[in-house]
Structure formats: C-alpha cells, structure tokens
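Numbering (our numbering), first residue to last: 4 to 71. Glycine included, each C-beta is placed from N, C-alpha and C at the ideal position. Report on one structure; see the data block that follows.
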C-alpha cells in the first residue's frame, strides 16, 4: 500500500509541475501581449513629438502621482 501511495505522490508532483509550467507560459504570453498593446496605444495617442514610449509612460506616471 505504501509503495502505491508513493507512486501516486510522484505522479501528482509531475502533474503539478506541468500545470505550473503551462500556467507560467500562458501568463507570460498574456502579459507580453498586453504590454505590446499598451506600448502601441501610448505610442499612437500619448507621446509628444520626439518622446519615446518609455519617456511618455514616465511622464504620465509622474503626472498621475501629482494628481493623487
């Protein structure tokens, strides 16, 4: 009985590792996609002439903090 339980524990650990790994991949894909959309929006609508996306984000962050 103890041997069977040990095999189940090992099988469950392998399944858990695969689930966590797959979740991590999905999470990275979603976050990456969101970041690309966010950057495109900032670039198109919120940057000032000659300003990079990063500079625009920083400017907006500072402005948001001063409004709080």
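I need the DSSP call for residue i, collapsed to helix, strand or coil.
i	result
residue 60	helix
residue 50	coil
residue 69	helix
residue 38	helix
residue 55	coil
Just the C-alpha distance for residue i and residue j, rounded to the nearest angstrom, thanks.
i	j	result
residue 2	residue 35	This structure does not reach residue 2, given that the chain is present from 4 up to 71, and the question cannot be answered.
residue 59	residue 53	10 Å
residue 39	residue 22	26 Å
residue 7	residue 57	56 Å
residue 61	residue 37	18 Å
Self-check item: Cβ pair count under 8 Å reaching 3, the region 44-51 against the region 23-35
Solution: Using a C-beta cut-off of 8 Å, the region 44-51 makes no contact with the region 23-35, since fewer than three inter-stretch Cβ pairs fall below that distance.
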